[in-house]
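K.L.:
So that we are looking at the same thing, I have put the structure below in structure tokens.
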Amino acid sequence: MSRARSLTWVMKLCGGISATSLALLSVLVVGDVVLRNTGLVRWSWLNELTEYLLTISTFTGAPWVLHNHGHVNVDVLLRTVSEAKARWLIKASNLFGGVISAILLVVAVRVTFDSYALGSLVFKNLIFPEWYLMTPMVLCFGLCTAEFLTRIVTGEARI
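If you count the sequence shown from 1, position 106 lands on 106 in the UniProt record's numbering, and the numbers rise without skipping.
Written out as structure tokens, the structure reads:
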């Protein structure tokens with residue numbers, strides 16, 4: 001399997017994880033409302049779980065959206081310049097995005113390792129190692145960096 005196809009497969013997996021997280025979030029919230037209003041049960045941990053599902057959904061969905069060019073583009077400037085200049089601006093944007101993603105990746109990795117080394121725990125209704133919450137950020141910024149690097153190396157200048 002080529003690197004480009006491997007990256008596409010990983011991005012599709014991220015999109016699936018993101019969609020599944022949102023679907024689970026929806027089912028849990030509706031279930032909680034129904035069960036709470038009927039007085040059957042109260043899930044004290046649900047608010048916390050929804051925070052984590054939103055985090056997972058956001059940080060796994062972002063690379064998928066970027067890979068599929070589904071992000072919001074403000075192309076007003078690109079429409080006013082020549083095609084050659086527009087391509088240059090897109091390539092510069094890819095470089096800028098890659099640098100920013102790489103910086104955020106380094107920060108996320110450092111924070112994750114620090115949290116792991118310190119043995120930090122999240123103490124709410126659910127108790128678990130804090131670094132678990134950091135891994136979606138590492139995944140996100142790593143994949144966004146890979147996507148931008150792929151665009152830079154292949155010379156992709158698609159909006």
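Using N, Cα and C, we set each Cβ at its ideal position, and we do this for glycine too.
With a 10 Å radius around its C-beta and 16 neighbouring C-beta atoms as the bar for buried, classify F96 as buried or exposed.
P.N.:
Here residue 96 refers to the residue found at position 96 when the sequence shown is read from its first residue. By the 10 Å Cβ count, F96 comes out exposed.
K.L.:
On the DSSP bridge assignment, give the partners of P129 in chain order.
P.N.:
The residue given as residue 129 occupies position 129 in the sequence shown. P129 pairs with L121.
K.L.:
Rounded to the nearest angstrom, how far is the Cβ of E48 from that of L121, given a contact under 8 Å?
P.N.:
Along the sequence shown, one-based indexing puts residue 48 at 48. Along the sequence shown, one-based indexing puts residue 121 at 121. That belief does not hold up - the Cβ atoms of E48 and L121 are roughly 14 Å apart, past 8 Å.
K.L.:
Rounded to a whole number of angstroms, what is the C-alpha to C-alpha distance between V65 and L105?
P.N.:
The count along the sequence shown starts at 1 and reaches residue 65 at position 65. The count along the sequence shown starts at 1 and reaches residue 105 at position 105. Note on geometry: alpha-carbon atoms of V65 and L105 lie some 18 Å from one another.
K.L.:
What is the DSSP secondary structure of V65, reduced to helix, strand or coil?
P.N.:
In the sequence shown, the residue the question calls residue 65 occupies position 65. Note: V65 maps to helix in three-state DSSP.
K.L.:
Are the CB atoms of V29 and T60 within a distance shorter than 8 Å?
P.N.:
Position 60 of the sequence shown, counted from the first residue, corresponds to residue 60. Position 29 of the sequence shown, counted from the first residue, corresponds to residue 29. Cβ distance not < 8 Å, so T60 and V29 don't count as in contact.
K.L.:
My output table needs one value for L89: the three-state DSSP class, helix, strand or coil.
P.N.:
For this step, residue 89 is matched to residue 89 along the sequence shown. L89: helix per DSSP, three-state reduction.
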